[in-house]
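Structure record follows, encoded as structure tokens.
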Amino acid sequence: MYNYPLNLTTIALVDIKQQKVISTFSQQQTQPEIPLHLKNLAIKIAINSPEVQEAYGIKPSEKDALMASTKTSLNRTRCERSRHLCVAPTFVKDGKALWAIIDLTDHKLVGVRWTNVGTTGPASPMITERRLQDDKLTACFCEKETPLEKYGWKLNYMLTSSDGLRIAQVSYNGKPILQSAKLVDWHVSYSGTDGFGYSDAVGCPYFSQAAVIAFEPPKIMEIKDEAGNFTGFAMEQVFRSEQWPTPCNYNYRQRFEFYKDGRFRIAAASIGRGCGNEGTYRPVFRIAFAAEQNNFAEWTGANWTNWSTEKWQLQSATTAYTEGKYQYQVTDNNGNGFLMQPGNGNFGDGGRGDNAYVYVTQSKPAVDEGEADLVTIGPCCNTDYRQGPEKFMEPSPDNIQNKKLVVWYVAQLKNDDTKGREYCWAESVLEHGVYVTRAYPCFAGPMFVPTSKNK
Amino acid sequence: MKLKLHKNGVIILLIAGCLLPVFLTSCNEEVVDFDANNCKKNPPFVKTMGFNASNSFFSTSDVKTMGLLLLQSDQPGNPNARITKTYQHPSWKKGGWLAPILVDDAGNIFTSPAPFINILNNPIVNNNTIYRVDGKTGVMEEFMRLPFADSINTQNPYGIIGMVYLCETGTLYVSSVAGSRLHEENGHIYAIDLKSKKIIDQITHIDAMGMGITYTTGKRQLFFGNGRNSDIKSVVLDAEGKFSGSPEFAFTLANLGQRGDDKVRRIRSDQTGNLMVHGIEFNFNLIAPREKQETVYKFVYDEETKKWTLSL
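Chains as they are written, first to last, in our numbering: chain X, 116 to 570; chain D, 781 to 1092.
The following block contains the structure:
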């Protein structure tokens, strides 16, 4: 008897004549032999999945499936991340074996992989869920850039070693907008223990400086307004620990939004769970603008005032915003550019405000100040402006008037596990026989809205 | 060098021939007595610090304290036992977060940096540095810097990963993956003579992790796990502690245990020469060690098949 949510097998010894159970015992993380109906189900899922058909060349028949009852966890391939019951129907063609890992808990294909077949069968080591996911991410997204063109936006994206998902060469209707944008660090501090926390980088699964890695490729999705109209698209990347949402495991989501009207947003969320309920998450965004000559100005309550040298500022309760909730603007000499709207609980994603530090530095052509993959730039537990970007402006701040600019944005998000008010949090609950994760993301990040002198 | 008369008469003749200096260099069939290779001595400073040597141990894996720690527990050998006393000399933090701990036959401790979650306290340029804690004074100082690969890269945050000591010759073996990349295996195993502080031999282009030494097969052998797959290879060591011949496949952790793709964190040879292989998940990233469950696999040498087999 297999317990799907607990991934546990119970064996009962039964006296058939007496119709009595003599004894039972259970084993954790153990799966029983696969019965015929599950074997048939696995084959059906495999032969009907587009990925298998594409890899195999044609739709394989049921009798092409070998070893469908080869249970991955006992026979050396496994769904080690999901801890689900998986089997691997295998299709042999032209001296090679196509492995299709089927998740019999979620009834879905995990992935496919060709292996060489020796004279005695498929080569070892067998393919597992983690291997499939990590290899695909590495080859497709860590080792090369992927171009994307949609709704007038054009960009390249790739997963980095330690700066999350990076977008680069971003243009809108042919005009360069961003040189790059990425998520440099997550600083997590716990106020319950002085100086305790972690400085996590997110990135690729193999050969990287990431502490929390990507499992799945970035997802691209449409954005709709309240009336259901497509207004833009978003790109999302999830990074997570294997054991999430158990304590001291992390899940971070990075999100870029691009709108048909030229707006864009750089955002990220923590979905807990972390090591405690007194945690503060500080994501460090680096947003490098493409224009060679920009100016950065803050709204003082009455007018826009340019920053002349590299500087930082904290968003607070007394921060002045324009009527449109804009705090800053990044514009060229002609007044064309973007208004910047920080997170204030105004983006409909559950965010409660960013309380963000904003830093502006000059992008110097001869010095790399974070354009290449950046190592962890700040410690876990500084509660003031010293989150890392200040290193690029101290001790002598450079002039930032009519310069190529980099905006660093460090949101501060306090987690909460109070029932009904969960934030930056996650928990696992049993529903209809399987454990499901309830996620309470805390999204943060600024929106950039096009502006021109005429406006 | 210890020589043993083998049961096989032909081999005896060969070995006898090896005693003649003129044949020594052409002979590669040296047979050595079993040796547990266990010569580590308690560092004298432990006692002077007021610690009970039999209940004390060193650690580099405390998640809240960077560097080396001396701990005293109320149950030696039990990792969950209550810690009754801790000590950290101010110099023990200078290498940042550390990983391997090796104690030699004079009670000196050798260790090296390894990043923990991030590289804030572990600059990559220091990854090939060996530190030595003087057994008498307890002061940690840089012992030597191993050569660095051609370039430092941001892909791989690791350098020295494993250390093991050959008591017979006073040789420290150090495995380092510094400079390795996804598609370039640039790691080394260095053999270092501790007295002269000199590298006496090295194996190149190999990303070795945990290492262990055993004499079980009638040879002095260094076993090491591969950082890129689950295989364990071995290489024969000669009487001077140098490598003799090329590394050969010994056995694998592939498809064993809960994960099926463990890499070797450490290899320990027990008193009878069996190999206790500690396997963890490792993919050259900085996933927190607490997420990595460890499995210990016991491998026993089968005299008949001349193979190492998993002991269940």
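Positions of the beta carbon are idealized from the N, C-alpha and C atoms, including for glycine. On a predicted model such as this, the values are computed, not experimentally measured, just so you know.
The C-alpha of E537 of chain X is placed about 40 Å away from the C-alpha of E148 of chain X. Inter-residue distance for A405 of chain X and V522 of chain X is about 12 Å (C-alpha atoms, whole angstroms). DSSP links A127 of chain X through a beta bridge to X:T139.
In the structure shown, I381 of chain X adopts extended strand secondary structure according to DSSP, grouped into three states. F1031 of chain D sits in a strand when the DSSP states are folded into three classes.
Around the beta carbon of L1092 of chain D, fewer than 16 other beta carbons lie within 10 angstroms, which makes this residue exposed. Within chain X, the C-beta atoms nearer than 7 Å to that of K844 of chain D come from F311, in chain order.
Pairing V525 of chain X with A471 of chain X gives a Cβ-Cβ distance under 8 Å. Shown here, F825 of chain D sits in a helix according to DSSP, grouped into three states. Looking at the DSSP output, W419 of chain X sits in a beta bridge with X:W414. Under the three-state reduction of DSSP, Y321 of chain X is assigned to coil, being neither helix nor strand. Those residues of the segment 482-504 of chain X placed with their C-beta closer than 7 Å to a C-beta in chain D are D488, V490, T491, P494, ordered along the chain. Counting only Cβ-Cβ distances below 9 Å, T1089 of chain D has no contacts in chain X at all, with the closest Cβ about 17 Å away. Ranked by Cα distance from I515 of chain X, the first of X:S314, X:S567, X:N421, X:A435 is X:N421. The beta carbon of Y500 of chain X sits closer than 6 Å to those of W427, Y472, all from its chain and outside the five residues before and after it, given in chain order. Taking the Cα of H302 of chain X as reference, the smallest distance to any Cα among X:D278, X:S295, X:I137 is reached at X:D278. Taken in chain order, the whole beta strand (DSSP E) runs of length 3 or more contained in the segment 1007-1068 of chain D are 1011-1017, 1023-1032, 1043-1049, 1055-1060.
Sorting X:R401, X:Q352, X:S197, X:P320 by C-alpha distance to the C-alpha of L293 of chain X places X:R401 at the top. Of all residues in the segment 463-478 of chain X, none places a beta-carbon less than 9 Å from a beta-carbon of chain D. Distance from F256 of chain X to P333 of chain X at the Cβ level is roughly 7 Å; contact confirmed, criterion being Cβ atoms closer than 8 Å. Taking all protein chains shown into account, R925 of chain D has fewer than 16 neighbouring C-beta atoms within 10 Å of its C-beta and is therefore exposed. A straight line joining the alpha-carbon of R1048 of chain D with that of V1057 of chain D spans about 6 Å. Taking all protein chains in view, the Cβ of F206 of chain X is crowded by 16 or more other Cβ atoms within 10 Å, so the residue is classified as buried.
Listed in chain order, the positions of the segment 312-341 of chain X with a beta carbon within less than 9 Å of a beta carbon of chain D are Y313, S314, D315, A316, G318, C319, P320, Y321, F322, S323, Q324, A325, A326, V327, I328. Short of 7 Å from the beta carbon of N448 of chain X, and not among the five residues preceding or following it, lie these beta carbons of its own chain, in chain order: Q408, N517. Taking a contact as a CB-CB distance under 8 Å, the pair L1017 of chain D and S1024 of chain D counts as one, their CB atoms being some 6 Å apart.
Judged by pairs of C-beta atoms under 8 Å, the segment 202-220 of chain X does not touch the segment 364-371 of chain X, as fewer than three such pairs exist.
The C-beta of Q324 of chain X has 16 or more other C-beta atoms within 10 Å across all chains shown, which makes the residue buried. Sequence-distant partners of R246 of chain X (beyond 5 residues in either direction) whose C-beta falls short of 7 Å from its own C-beta are missing from its chain. Under the 8 Å criterion on CB atoms, A894 of chain D is classed as non-interfacial with respect to chain X.
Taking the C-beta atoms as reference points, N122 of chain X is found nearer than 8 Å to Q144 of chain X. If you compare the alpha carbons of X:V564, X:Y555, X:E438 with that of G466 of chain X, the shortest gap goes to X:Y555. Annotation: the continuous beta strand (DSSP E) that includes H968 of chain D extends over 968-973. Taking the CA atoms as reference points, V475 of chain X sits about 32 Å from S356 of chain X. The alpha-carbon separation between R193 of chain X and L153 of chain X amounts to approximately 16 Å.
From the beta-carbon of S295 of chain X, no residue of chain D is found nearer than 9 Å; the closest lies around 16 Å away.
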